[in-house]
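Asker:
In the numbering used here, the protein residues as written are 37 to 267.
Here it is in structure tokens:
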């Protein structure tokens with residue numbers, strides 16, 4: 037296998053309101069109980085929609101839960117992980133996930149190049165961090181870039197990039213890989229406390245070329261969303 041399989045789950049929908057929800061809502065209206073509008077089934081059809089939905093709902097999203105459920109049993113993801121090393125076979129990859137800082141970026145990149153496979157053409161990944169609108173520009177990565185298959189993970193990193201201080205410039209990158217010319221390692225499992233991270237570590241030397249950016253105001257921050265190609 038020279039290329040990782042394409043992982044694309046769109047469209048993704050949460051479950052429609054069940055009978056219990058409908059009956060309770062009807063009873064609340066009939067008896068003038070405090071109530072909220074009946075939940076509407078949500079569907080996201082592409083990566084941009086998924087980021088917007090995630091920022092709007094964050095931890096209370098049935099769509100994110102359904103995405104995780106599907107991803108957990110997705111045959112292409114299982115195939116990708118099966119092609120990856122166990123952490124016991126690569127000390128740099130293991131220590132990177134532990135954030136120990138024991139290995140240099142160059143050593144880590146050598147491991148990604150050795151164990152990784154080329155990203156599938158058309159794959160979309162998410163990265164969370166810090167960036168101001170004035171800083172949006174094409175750049176080449178000088179160390180392996182941590183990304184995720186899940187935008188909720190990218191949102192978490194955007195909000196918490198500068199812990200314990202708040203992040204004044206949270207940003208989420210939506211990265212599309214049109215050519216499949218960069219190697220990446222898909223971690224078999226998340227690190228401690230980040231079991232759902234679904235991390236994809238991309239080799240250094242990748243070119244990130246922004247194509248669009250816009251701000252999304254959330255309850256806690258103004259988040260910059262950057263759409264870009266990765267090559």
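Beta carbons: idealized from backbone N, C-alpha and C, even for Gly. Given the structure is predicted, the values throughout are model-derived calculations rather than measurements.
For the alpha helix (DSSP H) holding residue 98, just list the boundary residues, first then last.
Answerer: To locate residue 98, count along the chain shown from 1; it is residue 62. It spans 98-108 - the alpha helix (DSSP H) in which residue 98 sits, taken as one unbroken run.
Asker: Thinking C-alpha only, which one of 136, 80, 180 is nearest residue 149?
Answerer: Numbered from 1 along the chain shown, position 113 holds the residue referred to as residue 149. Taking only the C-alpha atoms, the option nearest residue 149 is 180.
Asker: Relative to the C-alpha of residue 248, which residue among 173, 93, 160, 62 is closest?
Answerer: Locating residue 248 in the chain shown gives position 212, where the first residue counts as 1. The option with the nearest alpha carbon to residue 248 is 173.
Asker: Do you know offhand how far residue 52's Cα is from residue 62's?
Answerer: Locating residue 52 in the chain shown gives position 16, where the first residue counts as 1. Locating residue 62 in the chain shown gives position 26, where the first residue counts as 1. Taking the straight line joining both Cα atoms gives about 16 Å.
Asker: Quick test of the definition: if touching needs 3 or more C-beta pairs under 8 Å, does the region 158-176 touch the region 202-219?
Answerer: Enough Cβ pairs lie closer than 8 Å, so yes.
Asker: From the DSSP output, in three-state form, read off residue 77 for me.
Answerer: The count along the chain shown starts at 1 and reaches residue 77 at position 41. In the structure shown, residue 77 sits in coil (DSSP, three-state: anything other than H, G, I, E or B).
Asker: What are the start and end residues of each continuous beta strand (DSSP E) run of 3 or more residues lying completely inside the region 148-198, in chain order?
Answerer: You should have 159-166, 181-184.
Asker: Using 10 angstroms around the beta-carbon of residue 152, count the other beta-carbons present and answer buried if the total reaches 16, otherwise exposed.
Answerer: As a working note, residue 152 is residue 116 in the chain shown. The residue in question, residue 152, is buried, as its Cβ has 16 or more Cβ neighbours within 10 Å.
Asker: Identify whether residue 135 lies in helix, strand or coil by the three-state DSSP scheme.
Answerer: Within the chain shown, numbered from 1, the residue matching residue 135 stands at position 99. Note: residue 135 maps to coil in three-state DSSP.
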